[in-house]
Amino acid sequence: MFTNLFLLLEMRTNSMNKYELREKLTTLSPTEQACKTNVNISGEYDFPYFNYVLDSQNRQIYTYTFERHLQKSLKRTPHIARYLEKLPLLIFKHARFSFTPFHVHDFVEMTYVYKGTINMIINDHQVTLQQGYVCILDTDVSHKILDTSEDDILINFLMNKKYFSNKMLSRLGSNNIISRFAVESISETHDHNQYIIFNTNNSELLMDAVEGLLSNYFDSTYYSVDTIDAYMIIIFSELIKAHQNEKSIEYQKSNHMYIIDILQYIENNYSTCTLESLANKFGYNPSYLSRYIKKSTGQTFIELIQELRLNQACFMLKNSTVSIEYIIQTVGYKNVAFFYKKFNALFGMSPKEYRDS
Numbered sequence: 094m095f096t097n098l099f100l101l102l103e104m105r106t107n108s109m110n111k112y113e114l115r116e117k118l119t120t121l122s123p124t125e126q127a128c129k130t131n132v133n134i135s136g137e138y139d140f141p142y143f144n145y146v147l148d149s150q151n152r153q154i155y156t157y158t159f160e161r162h163l164q165k166s167l168k169r170t171p172h173i174a175r176y177l178e179k180l181p182l183l184i185f186k187h188a189r190f191s192f193t194p195f196h197v198h199d200f201v202e203m204t205y206v207y208k209g210t211i212n213m214i215i216n217d218h219q220v221t222l223q224q225g226y227v228c229i230l231d232t233d234v235s236h237k238i239l240d241t242s243e244d245d246i247l248i249n250f251l252m253n254k255k256y257f258s259n260k261m262l263s264r265l266g267s268n269n270i271i272s273r274f275a276v277e278s279i280s281e282t283h284d285h286n287q288y289i290i291f292n293t294n295n296s297e298l299l300m301d302a303v304e305g306l307l308s309n310y311f312d313s314t315y316y317s318v319d320t321i322d323a324y325m326i327i328i329f330s331e332l333i334k335a336h337q338n339e340k341s342i343e344y345q346k347s348n349h350m351y352i353i354d355i356l357q358y359i360e361n362n363y364s365t366c367t368l369e370s371l372a373n374k375f376g377y378n379p380s381y382l383s384r385y386i387k388k389s390t391g392q393t394f395i396e397l398i399q400e401l402r403l404n405q406a407c408f409m410l411k412n413s414t415v416s417i418e419y420i421i422q423t424v425g426y427k428n429v430a431f432f433y434k435k436f437n438a439l440f441g442m443s444p445k446e447y448r449d450s
């Protein structure tokens, strides 16, 4: 399927070579130099000009739009304007030292760590992306990039939903993580809080594809929409391979899928599970996770735990002869009086009466 596409990596053209590209990426731009001396500058984003809402923690969450990024790119690179308007894909280097507020997009974003280490907060979960890692974010994922240094180079791929056309999806195939993510990202019925982090094991082929893509993208003489698309297919194919090799380290699914994993974990660990341990397991802030569980199930975390523990206690009372004290300890209660109080409130009788009934 990808045979002809991989031939692109062996093509010899007069476009920007790798050494020129690497020099371009590593040299501080005027924007980066300004950000380095003024930590309040936001580089590419001009976030004060975007709309924002306040979240439950009273933080400003900005909405970055593809159209505004496009207009800025048209001014910055007028020599490829005729191509940018045809291709719903924008690519640029994240401005190092730039302040980035919490934000969401109206487009799908793919970030590639070209060099160094990038720390991000995604849905209240801090993640660390090493060189070669890729993160794909859906439209409603709240996130921000933390402080970066001169050694940290991040490439951003901004994909308008139109980018995932039937033609692109057919070239990707239907039964893989990228195509499923793309289909859900353009759906009007799915939640859009999903993201995926890929550990590509610093794939040389992926690096070659990204460098080949950037060399063509930044060189107007040889800019070709078909070439850009072909390189993107190669990049996606490498991510699919990484996922199939179980190097995809994190996949946050949409809500209706992800809550099943959480409930399964609670059910398997009800006797020892705490909100803090659950939050740590799934990478959530405890307060956020508590609200998420309540919204998804109609019950609080404590109510779910109590129900599971008490139901197991009932099962053991009816199907074993072990002491009530042993049952209390086994299902996870440390306070005997509290257990009796909850048991009576739920079943209207004492544990002994329940066993004898």
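Residue 293 in our numbering is what sits at position 200 of the sequence shown, and the numbering runs on without skipping anything. Backbone N, C-alpha and C fix where the C-beta goes; we use that ideal spot for every residue, glycine too.
Would you kindly check if the distance between the Cβ of residue j and the Cβ of residue i is under 8 angstroms?
i: Phe200; j: Phe257; result: no
i: Val234; j: Ile215; result: yes
i: Arg273; j: Ile326; result: no
i: Phe291; j: His218; result: no
i: Ile398; j: Tyr363; result: yes
i: Ile321; j: Leu180; result: yes
i: Thr393; j: Ser383; result: yes
i: Ile73; j: Phe375; result: Here the chain has residues from 94 to 450 only, and residue 73 is not among them.
i: Tyr288; j: Ala302; result: no
i: Phe195; j: Lys237; result: yes
i: Phe329; j: Ile417; result: no
Among all the DSSP beta bridges, which residues are the ones paired with residue i?
i: Gln219; result: Ile214
i: His162; result: Answer by DSSP bridge pairing: none, since His162 is not bridged.
i: His62; result: An answer regarding residue 62 cannot be provided, because it is not within the stretch 94 to 450 covered by the chain.
i: Met203; result: Ile229, Phe250
i: Lys186; result: Ile248
i: Gln153; result: Leu147
i: Lys208; result: Ile246
i: Val197; result: Thr156
Going straight from the alpha carbon of residue i to that of residue j, what length do you get?
i: Ser341; j: Leu251; result: Caution applies to Ser341, whose pLDDT of 43 falls short of 50 and renders its modelled position unreliable; the value that the coordinates give is listed next. In a straight line, the C-alpha of Ser341 is about 21 angstroms away from that of Leu251.
i: Glu297; j: Lys117; result: 20 angstroms
i: Thr282; j: Ile134; result: Residue placement at Thr282 is poorly supported in this model, since its pLDDT is 47, which falls under 50; the coordinates still yield a value, given next. Looking at the two C-alpha atoms, the distance is approximately 37 angstroms.
i: Met109; j: Thr221; result: 31 angstroms
i: Tyr205; j: Asn249; result: 7 angstroms
i: Leu177; j: Thr156; result: 21 angstroms
i: Pro379; j: Tyr385; result: 10 angstroms
i: Ser370; j: Asp449; result: 36 angstroms
i: Met261; j: Arg115; result: 29 angstroms
i: Ser389; j: Leu307; result: 42 angstroms
i: Thr423; j: Asn151; result: 41 angstroms
i: Asn412; j: Tyr226; result: 51 angstroms
i: Gln223; j: Glu446; result: 59 angstroms
i: Phe436; j: Pro444; result: 7 angstroms
i: Ser149; j: Leu230; result: 21 angstroms
i: Phe431; j: Gly425; result: 12 angstroms
i: Lys165; j: Tyr310; result: 16 angstroms
i: His349; j: Lys434; result: Per-residue confidence for His349 stands at a pLDDT of 45, beneath the threshold of 50, marking its modelled position as unreliable; the derived number appears in the next sentence. Looking at the two C-alpha atoms, the distance is approximately 34 angstroms.
i: Thr124; j: Gly391; result: 48 angstroms
i: Lys111; j: Leu167; result: 25 angstroms
i: Asn144; j: Ser278; result: 22 angstroms
i: Leu100; j: Gly305; result: Any reading at Leu100 needs caution, since the residue's pLDDT is 45, under 50, leaving its predicted position unreliable; the model's value is listed next. Those two C-alpha atoms are separated by around 12 angstroms.
i: Arg105; j: Glu202; result: Only weak support is given to the placement of Arg105: the predicted model assigns it a pLDDT of 37, under 50, and the question is left unresolved by the model.
i: Asn253; j: His162; result: 11 angstroms
i: Asp319; j: Asn294; result: 28 angstroms
i: Thr119; j: Glu113; result: 10 angstroms
i: Phe408; j: Asn373; result: 30 angstroms
i: Thr365; j: His187; result: 43 angstroms
i: Val429; j: Val415; result: 16 angstroms
i: Gln357; j: Arg169; result: 50 angstroms
i: Leu332; j: Leu410; result: 51 angstroms
i: Ala174; j: Cys228; result: 27 angstroms
If you follow the beta strand (DSSP E) that residue i is in, where does it begin and where does it stop?
i: Ile229; result: 226-230
i: Lys237; result: 236-238
i: Val424; result: Premise fails: Val424 is in no beta strand (DSSP E) and is neither H nor E.
Can you tell me where the alpha helix (DSSP H) holding residue i begins and where it ends?
i: Ile134; result: Counting along the chain, Ile134 falls outside any alpha helix (DSSP H), and DSSP gives it neither H nor E.
i: Asn309; result: 297-310
i: Phe257; result: Run containing Phe257: none; DSSP gives neither H nor E here.
i: Tyr112; result: 111-119
i: Pro171; result: Here Pro171 belongs to no alpha helix (DSSP H), and DSSP marks it neither H nor E.
i: Cys407; result: 394-412
i: Thr390; result: 379-390
i: Phe375; result: 368-375
i: Tyr447; result: 444-449
Comparing the C-beta of residue i with each C-beta of chain D, is any distance below 8 angstroms?
i: Asp231; result: No chain D is part of this structure, which consists of one protein chain only.
Task: Three CB pairs or more closer than 8 angstroms across the region 238-252 and the region 203-211 - done: With the cut-off at 8 angstroms, the region 238-252 and the region 203-211 touch.
TODO: Take every Cβ of the region 125-132, pair it with every Cβ of the region 182-196, and state whether three or more of those distances are shorter than 8 angstroms.
DONE: The region 125-132, when compared against the region 182-196, does touch it at the 8 angstroms Cβ threshold.
- [ ] Mind the definition here: the region 403-410 touches the region 435-442 only if three or more C-beta pairs lie below 8 angstroms; say whether that holds.
- [x] The region 403-410 and the region 435-442 touch, with no fewer than 3 CB-CB distances between them shorter than 8 angstroms.
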